[in-house]
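Take the sequence shown: its position 213, counted from the start at 1, is 202 in our numbering, and no numbers get skipped. We put the CB at the ideal spot given by N, CA and C, even for glycine.
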Amino acid sequence: MQRSFRVAAVVVLYRPEREVADNLRSYLGQVETLFAVDNSDDDAFAEVAASLGLKVSYLPNFANLGIATGLNRGADEAVDADFDFLLTMDQDSKAEPGMIEEMLGCLDDMDVAKVGMLSPFHVTKSEHKPGSERCQEVMTPMTSGCLLNLQAYRAVGPFLDKLFIDFVDNEYCLRLRSRGYRVLRANRARLLHSVGDTIKYGPFIATNHSPLRRYYKTRNRFLIFTMYLRAFPGHCLFDLVRLVKEIGSIVLFEGEKGKKLVMMAHGLVDFIRGRYGKYGG
């Protein structure tokens, strides 16, 4: 028999279009409360948020404080309200019906205190398929659509603000695992997730991320290498190979090659100098 848990959600917004409301509606009926943290420079989305009903608590920051700070604001609100789990969402993600119930089903006959995070299966443009098991261990799933055990959040601390964006999810999952928590994926729970303009060329995947995103990805992944190389050498080696393939993808298939490579170099330099937070901030 499935146990009963109180579930809230947080979505971190940044200059959302009105159509984002449809994504929010896809999981609004699956949670008690939605904390909509807006990192835009204004509160233009307030009227749309209000139209979604009393379940939505709209929290404008009036500045882009980064994905980690947005997640932490929602998590702290949920902790204060005594919720058990927090659904962490991107504004471009849509949940299928029953997604949260299916994820919580993974907790049947498990020690809930040892499960730090539950992920759905992310439906993207990739050819990746879910495993045959109902629930399986995974290393570092994307944050969007995940259920964060707020007991674990209290124990291991908040998301790392200084990363700002990119690898925030990667770092947090590794931190959970290094502290003895399990990270699971419910393969029957499905999240429709937009990952942008990605094209696969054999072993290369052209993500076409902007030069600024290349800066954050480079800087932050090197920090994670230093933090978790000893605990997770295989994961770090795999990600180093992925970095090499990303460079190859930029050189061979993507536009703005020079700008992207220069920003990656800036990211490496700022990692060496210990400069974090928002680029240029």
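Item                                                                                                                    : Value
Glu126 - partner residues in DSSP beta bridges                                                                          : Leu173
Neighbourhood of Glu160 by C-beta distance below 6 Å, restricted to the same chain and skipping five residues each side : Leu149, Ile213
For Pro200, the first and last residue of its enclosing alpha helix (DSSP H)                                            : 200 to 217
Alpha carbon of Leu139 to alpha carbon of Gly63, nearest angstrom                                                       : 11 Å
contact_flag[the region 169 to 184, the region 82 to 93] where n(CB pairs < 8 Å) is 3 or more                           : yes
Any 3 or more C-beta pairs closer than 8 Å across the region -1 to 6 and the region 51 to 68                            : yes
One or two residues paired with Phe75 in a DSSP bridge                                                                  : With the sequence shown as reference, residue 75 is identified as Leu, and Phe is not the correct amino acid for it. Paired residues: Ala(-3), Leu137.
CB contact flag (Phe156, Arg219, <9 Å)                                                                                  : no
Limits of the unbroken beta strand (DSSP E) element including Ser108                                                    : 104 to 112
Nearest neighbour of Pro109, chosen from Ile194, Met128, Ile89, Arg168 [CA to CA]                                       : Ile89
Helix, strand or coil at Met(-10) [DSSP, three-state]                                                                   : Low local confidence applies: a pLDDT of 48 at Met(-10) is under 50, so the model's placement there is unreliable, and no value is given.
Simplified DSSP state of Leu180, which is helix, strand or coil                                                         : strand
DSSP state of Pro272 mapped onto helix, strand, coil                                                                    : Residue numbering for the chain in the displayed model covers -10 to 270; residue 272 lies beyond these limits and cannot be assessed.
Gly105, buried or exposed, once every other Cβ within 10 Å from all chains shown has been counted against 16            : buried
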